[in-house]
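Numbering (the numbering used here), first residue to last: 389 to 843.
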């Protein structure tokens, strides 16, 4: 009889553990099962360290993370300065100085899961630290609403302050600076499984809660639905999307900064807004947590579709018409933007999209415009489905409402026409930076694909 794969047993234990937990917390046993969380954390940490086969230096690093993170959390609870004003419930077990001892285990699990995953990217040290810290912040964004819902901890006025995410990023960056500098073991194939199991668990709680009529999880569930398949398939051996994360994260970072500033200004001026009943509550810079996540998960997923199309459609079928099509679209966008200069959403979206297209057509002379247009056409399908729900399809009220005085008032179903160019702008901005490392490596040719001959 063949021996089992090395990761089969720990993976099976983890799957059973988290599946039972998810099913139990989704049923009528939530109040009882939630108190088993400490055992879940201890088993997860044990399996993770067991598979890491740590040497003395790695054990010392793990102990440092456990102790120092507990001390940071204790200071945070008692001062309110580091993360904001919050306090712990009784779910995470025994406390010392009003802080659960197991909060250090939680930090340890996350650091020892994210670190080996990022190490596989083989980035320069500072980029590894930055990417790992950003992933930690993203994980915290996912954890916060569920943790509050299950009573792990609570925030003053049920609002997670921006300070919390900044502090999470800074503390995480410190740990990863040590992780990628000290001679600790950075290889652990089980790390990605642990992180995936935790993310699936929290995502499952959110989706089940939304399906059970808990409206405040609606937008967050849509974010997770959008991210789920592309994230799972990122390690698919044909696409190898994870190997292209360097350019992707750069593109998402630039795009997110631009669009979150844009979003915050438009929200403050009533160009659009959000219906509170569909939100979990936490805000960052006056934007709902879910809206911030939107500008992380949507470009990630859309660029995944773009990459998949490049793999399966090797011929640049729109290459010949891409340039004249973009030039014609440029004229339409500029004319419409200037003609409707008094409608702020229409004018800014059309003119910004026209500006970026002009850069690609006349300055960069981007060879991938045809592939981009094909990917954009395919992306429109899931975008319409998700954005349709956000703008009111199947719901009593829209999750995101629009002030028609600031747009053309033309809707495709419930979606403003401007959203199509909004998508084009943020996707092309992301792709611009995503393609840079690929262009440096392969020139104007698409990167070689294993098992596929060139056209």
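Heads up, the beta-carbon is just placed ideally off N, CA and C, and yes, glycines get one too.
A quick note: this is a predicted structure, and the numbers were derived from the prediction, not measured.
Exercise for the section: Measure the C-alpha to C-alpha separation of residue 496 and residue 765 and round it to an integer number of angstroms. Expected result: 43 Å
Exercise for the section: Quick one: residues in its chain with C-beta nearer than 7 Å to the C-beta of residue 501, no 5 flanking neighbours on either side, listed in chain order? Expected result: 436, 579, 582, 583
Handout entry: Cut-off 8 Å between Cβ atoms - residues of its own chain near residue 639, not counting five sequence neighbours on either side
Key = 687, 691, 817, 818, 819, 820, 821, 822
Practice task
Please classify residue 406: does DSSP put it in a helix, a strand, or coil?
Solution key: helix
Problem - Sequence-distant residues of its chain with Cβ nearer than 7 Å to residue 611 (five each side left out) - result: 678, 681, 682, 685
Handout entry: Rounded straight-line distance, which links the Cα of residue 438 to that of residue 553
Key = 30 Å
Problem - Local Cβ density within 10 Å of residue 434, reported as buried at 16 or more and exposed below that - result: exposed
Problem - Span separating the alpha-carbon of residue 424 from that of residue 403 - result: 16 Å
Handout entry: the region 539 to 556 contacting the region 500 to 514, beta-carbon criterion three pairs below 8 Å
Key = no
Problem - residue 650 versus 632, 675, 636, residue with shortest Cα-Cα distance - result: 675
Handout entry: Candidates 697, 772, 797, of which the one nearest residue 808 by Cα
Key = 772
Problem - Candidates 472, 484, 469, 467, of which the one nearest residue 455 by Cα - result: 484
Exercise for the section: Take the Cβ of residue 715 as the centre, count every other Cβ of all protein chains shown within 10 Å, and call the residue buried at 16 or more, exposed below. Expected result: exposed
Practice task
State yes or no: is the C-beta of residue 517 within less than 8 Å of the C-beta of residue 450?
Solution key: no
Handout entry: Counterpart residues of residue 799 in DSSP-defined beta bridges
Key = 804
Handout entry: 8 Å Cβ cutoff met for residue 616 and residue 591
Key = yes
Problem - Segment limits, beta strand (DSSP E) that includes residue 788 - result: 788 to 790
Practice task
Look at the alpha carbon of residue 618 and the alpha carbon of residue 432, and state the distance between them as a whole number of angstroms.
Solution key: 25 Å
Handout entry: Own chain residues within Cβ distance below 7 Å of residue 864, not counting five before or after
Key = Absent from the structure is residue 864, since the part of the chain shown begins at 389 and ends at 843.
Exercise for the section: Starting from residue 662, trace the beta strand (DSSP E) both ways and give me its first and last residue. Expected result: 660 to 662
Practice task
Output yes or no for whether 8 Å exceeds the beta carbon distance between residue 795 and residue 734.
Solution key: yes
Practice task
Classify residue 504 as buried or exposed, calling it buried when 16 or more other Cβ atoms lie within 10 Å of its own Cβ.
Solution key: buried
Exercise for the section: Quick one: grab the DSSP three-state call for residue 672. Expected result: strand
Problem - Rounded Cβ spacing between residue 426 and residue 498 (contact assumed at less than 8 Å) - result: No, residue 426 and residue 498 are not in contact; Cβ-Cβ is about 16 Å, not under 8 Å.
Problem - Cβ distance (whole Å) where residue 774 is taken to contact residue 662 below 8 Å - result: No, residue 774 and residue 662 are not in contact; Cβ-Cβ is about 15 Å, not under 8 Å.
Problem - Straight-line gap, residue 800 to residue 441 (C-alpha atoms, nearest Å) - result: 56 Å
Handout entry: Euclidean distance between Cα positions of residue 557 and residue 422
Key = 27 Å
Exercise for the section: Kindly indicate the opening and closing residues of the beta strand (DSSP E) around residue 616. Expected result: Counting along the chain, residue 616 falls outside any beta strand (DSSP E), though it belongs to the alpha helix (DSSP H) covering 606 to 620.
Exercise for the section: Quick one: grab the DSSP three-state call for residue 843. Expected result: The predicted position of residue 843 is uncertain, since its pLDDT is 34 and thus under 50; a value taken from the coordinates is nonetheless stated next. Looking at residue 843 - three-state DSSP - the assignment turns out to be coil, as it is neither helix nor strand.
Handout entry: residue 542 - containing beta strand (DSSP E), residue span
Key = 541 to 543
Practice task
State the beta-bridge partners of residue 475 as determined by DSSP.
Solution key: 542
Practice task
Identify whether residue 488 lies in helix, strand or coil by the three-state DSSP scheme.
Solution key: strand
Practice task
Check residue 483 in the structure and name its three-state DSSP category.
Solution key: strand
Exercise for the section: Spatial neighbours of residue 768 within its chain, please: CB distance less than 8 Å, with the 5 preceding and 5 following residues excluded, ordered by chain position. Expected result: 808, 811
Handout entry: Neighbour-count burial assignment, residue 839, 16 or more Cβ in a 10 Å radius
Key = For residue 839, the predicted structure reports a pLDDT of 41, less than 50, and the residue's modelled location is therefore unreliable. The matter cannot be settled from this model.
Problem - Host alpha helix (DSSP H) of residue 422 (start-end) - result: Per DSSP, residue 422 belongs to no alpha helix (DSSP H) and is neither H nor E.
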